[in-house]
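Read the structure below first, then the notes.
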Amino acid sequence: MKRAIEFYSEGFKLCGDVYVPDGLAAGETRSAVLLCHGYTGVKDLYLPDNARVLNEAGYVVMTFDYKGWGDSEGVSPNRLVPYSRVADVQAAMTYLGLQPEVNEDSIGIYGTSYGGATVSWVGAVDERAKCIVSVVGIGHGARWMSRVRRMDEWFDLLDRSKADREQRALTGKSEMVERAEILLPDRQSAELAAAARKNNPAAVGTIPVEYVDDTIGFNPEWIVGHISPRPILFITSSDDR
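In structure tokens:
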């Protein structure tokens, strides 16, 4: 069973869905998993498949849109704002723990791509996350962005980011570009993403150049050690490009 929900983070109303497994007895509670999407994802992209599988395993599951994404409120759309996403995940954990089907002392958080970075940070600062799963997450923004580019491309990106930073200071606006210019997916990933996003109007194709500064300034490697002794699982792929 899926039900639409609303909750608040830093004063903004966020939208999500709670998935409840079949067969729960009256008053019964289960462990729960909060699913967090990546850079430009939304709750209806990819995550419903994960929710279905986790429901079948007996877990209550919640998905949601970050501030400014999908159906959620926000100051401006399509922004990354990493620490704001951390606050959103913490608010979502609070709301999930209030659900009558959920054991609030048994909540895990799961994130893919940039969601993997977000849940790693949340896990380090919020002990309510009893376990954490980061799937192809980012541990160090600058290292990742530089390694998927030639050195001259990397320095060009830094110059472009500096110019955009100055423009933001003068005008309050960041240049909007195609997501592939900044995130630089490999060919296969780009093709799969395009197919998945084709019929999902909430999955945006343009992002602000501000993403570069946001990515470089948020490195979960700094604090991931604070998760211990709670467990964290890192999942990556062979021949990851």
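Using the numbering used here, count along the sequence shown one by one with no gaps and you end on 1447.
The beta carbon of each residue, even a glycine, is placed where N, CA and C say it ideally should be.
I1315, DSSP secondary structure in three states: Taking the first residue of the sequence shown as position 1, residue 1315 is located at position 109. Three-state result, I1315: strand.
Go ahead and pull the three-state DSSP assignment for V1341. As a working mapping, residue 1341 is identified with position 135 in the sequence shown. V1341 falls in the strand class under three-state DSSP.
Continuous beta strand (DSSP E) stretch holding S1444: start and end: Against the sequence shown, residue 1444 aligns to sequence position 238. No beta strand (DSSP E) contains S1444, which DSSP labels as neither H nor E.
Residue environment, W1275, which counts as buried when at least 16 other CB atoms sit within 10 Å: By one-based count along the sequence shown, residue 1275 stands at place 69. By the neighbour-count rule (16 or more Cβ atoms within 10 Å), W1275 is buried.
DSSP state of G1229, grouped into three classes? Here residue 1229 refers to the residue found at position 23 when the sequence shown is read from its first residue. Coil.
Would DSSP call T1269 helix, strand or coil? Start at 1 with the first residue of the sequence shown, and residue 1269 comes out as number 63. T1269: strand per DSSP, three-state reduction.
Checking 9 Å against the spacing of the C-beta atoms, do I1315 and V1339 come in under that value? Mapped onto the sequence shown, residue 1315 falls at position 109. Mapped onto the sequence shown, residue 1339 falls at position 133. Cβ atoms of I1315 and V1339: closer than 9 Å.
Closest to E1452 by CA distance: which of R1236, Q1296, G1247, G1280 is it? Nothing about residue 1452 can be reported from this structure: the residues present for the chain run from 1207 to 1447 only.
To the nearest whole angstrom, what separates the beta carbons of G1329 and E1427, a pair I think is in contact under 8 Å? As a working mapping, residue 1329 is identified with position 123 in the sequence shown. As a working mapping, residue 1427 is identified with position 221 in the sequence shown. With a Cβ gap of about 13 Å, G1329 and E1427 do not count as contacting.
Less than 9 Å separating the beta-carbons of L1363 and V1418? In the sequence shown, the residue the question calls residue 1363 occupies position 157. In the sequence shown, the residue the question calls residue 1418 occupies position 212. Yes, the Cβ-Cβ distance between L1363 and V1418 is below 9 Å.
Of the listed residues A1386, V1295, E1216, R1371, nearest to V1331 (C-alpha basis): Locating residue 1331 in the sequence shown gives position 125, where the first residue counts as 1. Minimum Cα distance to V1331 is reached at V1295.
Where DSSP assigns a beta bridge to E1384, which residues make up the other side? Here residue 1384 is taken as the residue at index 178 of the sequence shown, counted from 1. E1384 pairs with T1412.
G1411 versus K1249: straight-line alpha-carbon distance, rounded: Numbered from its first residue, the sequence shown carries residue 1411 at position 205. Numbered from its first residue, the sequence shown carries residue 1249 at position 43. About 16 Å.
Beta-carbon proximity of G1222 to A1210, cut-off 9 Å: Within the sequence shown, numbered from 1, the residue matching residue 1222 stands at position 16. Within the sequence shown, numbered from 1, the residue matching residue 1210 stands at position 4. Yes; because the gap between Cβ atoms is below 9 Å, this pair is in contact.
Spatial neighbours of L1390 in its chain, beta-carbon cut-off 7 Å, leaving aside the 5 residues before and after: In the sequence shown, counting from the first residue as 1, residue 1390 sits at position 184. Once the five neighbours on either side are set aside, the close Cβ partners of L1390 are V1354, R1355.
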